[in-house]
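Numbering (the UniProt record's numbering), first residue to last: 1 to 276.
Rendered as structure tokens:
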């Protein structure tokens, strides 16, 4: 029985499960395949894992065959179920601003509360260049550490204030604590975000600040401003949950928790993964 479904449905079969959303847009077939396989390998198999891969329709058949031929049976044994999703479009909103925000694949997390049905209460978002090196179950447990107000879990980009690449266009009027966050891995409590009208608030932020700052990366910049306005919603992940090459600069480690222990997941370097 195949555990890879070619479907347009965003509602999971089971609610008591780990949900992971992977962004595979932009011909990122093989990095996406590796990201998904790392999820399968790392899973303990005790809890059902639903992986939702978002990818352009023209690449989905190739991905489905590659995954199923080489990994489908093992995924079933580990209780991992993969759903390959089509492009989202404007998610039912007749909005020019939505179309502008959606022009980059990096904006996928901004719309996940709207993309998934209410049956999906929480999700781990991850970029296609992320690889799990320890059980994904452990990262999922971080949700239980959030307080009643926290809804977004992110780690620092470098661990150094105002030095990361995302800070080169930092905005002096915004809290520096939220400028060094990295979007490669995001824990999202969708239930809380929906109740707070997360997506609509992001649209309002975009309309207000885009003419001023001309965001080169809507995802990061909008999240930075959002968390500046609502800092109580941030759950700061340890750097070991989103380990990057920028955590080790000039032979100095800026993620001490990963030294001699583990880092999971780890981010690959974009230039080495994508032929762009």
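Glycine included, C-beta positions come from ideal geometry on N, C-alpha and C.
Return the bridge partner residues of residue i from the DSSP annotation.
i, result
"residue 52", "21 and 83"
"residue 75", "None, per the DSSP bridge assignment."
"residue 126", "22 and 185"
Taking only the alpha-carbon atoms, compute the straight-line gap between residue i and residue j and give it to the nearest angstrom.
i, j, result
"residue 200", "residue 207", "11 Å"
"residue 19", "residue 123", "5 Å"
"residue 17", "residue 212", "42 Å"
"residue 184", "residue 142", "16 Å"
"residue 231", "residue 152", "10 Å"
"residue 157", "residue 78", "31 Å"
"residue 241", "residue 114", "25 Å"
"residue 118", "residue 191", "7 Å"
"residue 145", "residue 189", "12 Å"
"residue 226", "residue 69", "42 Å"
"residue 59", "residue 29", "7 Å"
"residue 140", "residue 214", "35 Å"
"residue 64", "residue 84", "8 Å"
"residue 205", "residue 229", "10 Å"
"residue 37", "residue 120", "22 Å"
Looking at the unbroken beta strand (DSSP E) that takes in residue i, where does it start and where does it end?
i, result
"residue 155", "152 to 156"
"residue 234", "234 to 237"
Between residue i and the ligand COA, is the CB less than 7 Å from at least one heavy atom?
i, result
"residue 222", "With respect to the ligand COA, the structure shown offers nothing to examine, as it has no ligands at all."
Along the chain, where does the alpha helix (DSSP H) containing residue i start, and where does it finish?
i, result
"residue 40", "29 to 42"
"residue 120", "Premise fails: residue 120 is in no alpha helix (DSSP H) and is neither H nor E."
"residue 47", "Run containing residue 47: none; DSSP gives neither H nor E here."
"residue 139", "136 to 140"
Let me know the alpha helix (DSSP H) ranges lying completely inside the segment 176 to 216, each 4 residues or longer, listed in chain order.
-> 190 to 195 and 198 to 213
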